[in-house]
Amino acid sequence: MNILIVGPSWVGDMVMAQTLFQCLKQRHPQCEIDVLAPEWSRPILERMPEVRQALSFPLGHGALELATRRKIGKSLKGQYDQAILLPNSLKSALVPFFAAIPKRTGWRGEFRYGLLNDVRTLDKQRYPLMIERFMALAYEPGAELSKPYPRPDLQIDPVSRDAALTKFGLALDRPVLALCPGAEFGESKRWPSEHYAKVAEQKIREGWQVWLFGSKNDHGVGEDIRSRLIPGLREESVNLSGETSLAEAIDLLSCADAVVSNDSGLMHVAAALNRPLVAVYGSTSPGFTPPLADKVEIVRLGLECSPCFDRTCRFGHYNCLRELMPQSVVEALQRLQGSPVEVQ
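Position 43 (the sequence shown) corresponds to 248 in the numbering used here; numbering is contiguous.
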């Protein structure tokens, strides 16, 4: 049985999609799973043993380009028994339709009748978590999801990890605190730089080193955090934001003895690597897409105005993050971290 998954467009969602792949493998141990997704997601999919291959989808988020979708669909014709669509858009249903895949499964959304022939109606009360909505598509409609739920579990190649350490001149002679201060969603998910810097200072004084992760857009935030450290401490930190590929970032994050992250894609990567994780929430809530790992501390204030899920604070104060003091995160790290985690 060959199954084509049309994957999501965000890092965190792609990590959480592994729970669906795990369910499919449990139900159909001999099935082969391919994932049609943006090229950036390849490093994530390559670290999921359930996935046979990642198929690069060349179109940007939101682009229709009907002719291109038809061409891709025709090229996949006759190769799959089922397609499962994770996005709810009409566009995401076109390639499986053009590929004439016999069973095309997805949640009802955006007038997809005719494009899908296994249309599910989502009961949000029954499936409040995103992973439940993904996993349910592996089963027949109305089936109970078996517990305990699987968790994302990215697999790291030690050779690839060691190559990344060498490339960036990093050593594991001291415990590593990874900071992920960015968030593509917007300012309302970003814990202030000065707070991150206080946590970094505390851990460096305890003998740790600090690695900062993120995209090119987060490089300035990383430099701002480092600039707040006094000389002598600053040298114990390195800003990797925008310097690494996603593959290198995943491999290097696997070396972390602890991670502090905003609610972001890298938060879900850290959880899938089973790193001790402190997740900082402001405008969003862990109720829909919580980090899934054994050692997680969620830190949030829970103000009356949050969660608002807005990209920018409607009141302009961002108090849900600004008033969340560094000591809360330091104490969460202490609860998580009795001693450094040994890198396997």
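Virtual Cβ for every residue (Gly too), placed ideally from N, Cα, C. Remember, predicted model here, so these are calculated numbers, not experimental data.
- Going by DSSP, Lys296 is part of no alpha helix (DSSP H) at all; its letter is neither H nor E.
- Ile503 places its beta carbon less than 9 Å from that of Val483.
- Within a 10 Å sphere around the beta-carbon of Val364 sit fewer than 16 other beta-carbons, which makes this residue exposed.
- Shown here, Phe262 sits in a strand according to DSSP, grouped into three states.
- Bridge partners of Pro243 according to DSSP: Phe262.
- Secondary structure note for Leu384: its beta strand (DSSP E) is the uninterrupted segment 381-385.
- Checking the DSSP bridge columns, you'll see Gly311 partnered with Val324.
- Using a Cβ-Cβ distance cut-off of 8 Å, the segment 223-233 and the segment 330-347 are in contact, since at least three pairs of beta carbons, one from each stretch, lie closer than that value.
- Secondary structure of Asn479 (DSSP, three-state): coil.
- For Ser365, the enclosing alpha helix (DSSP H) has its first and last residue at 363-372.
- Taking C-alpha positions only, Leu241 is separated from Gly212 by approximately 6 Å.
- Contact check for Gly427 and Leu434: beta-carbon distance about 12 Å, past the 8 Å limit, so the pair fails to qualify.
- Membership of Asn524 in the alpha helix (DSSP H) is indicated by the continuous run 524-527.
- Between the alpha carbons of Thr371 and Leu457 lies a gap of roughly 11 Å.
- Under the criterion of beta carbons closer than 8 Å, Arg309 and Leu299 do not qualify as touching, at roughly 11 Å.
- For the segment 442-530, the continuous beta strand (DSSP E) assignments of 3+ residues that do not extend past its boundaries occur at 442-444, 463-467, 482-485, 501-504, in sequence order.
- Annotation: the continuous beta strand (DSSP E) that includes Leu290 extends over 287-290.
- When Val465, Pro380, Ile208, Asn444 are compared, the shortest CA-CA separation from Ala259 is found for Ile208.
- Scanning the segment 404-433 for uninterrupted alpha helix (DSSP H) segments of 4 residues or longer gives 424-432, listed from N- to C-terminal end.
- Gly387 is positioned such that its CB atom lies closer than 9 Å to that of Asp423.
- Where Leu271 is concerned, the enclosing alpha helix (DSSP H) starts and stops at 271-280.
- Distance from the CA of Asp378 to the CA of Ala537, rounded to the nearest whole angstrom, comes to 24 Å.
- In chain order, Asn479 place their CB closer than 8 Å to the CB of Asp499, counting only its own chain and leaving out the 5 sequence neighbours on each side.
- Leaving aside the five residues that flank Pro512 on each side, the residues in its chain whose CB is nearer than 7 Å to its CB run, in chain order, Ser488, Thr489, Ser490.
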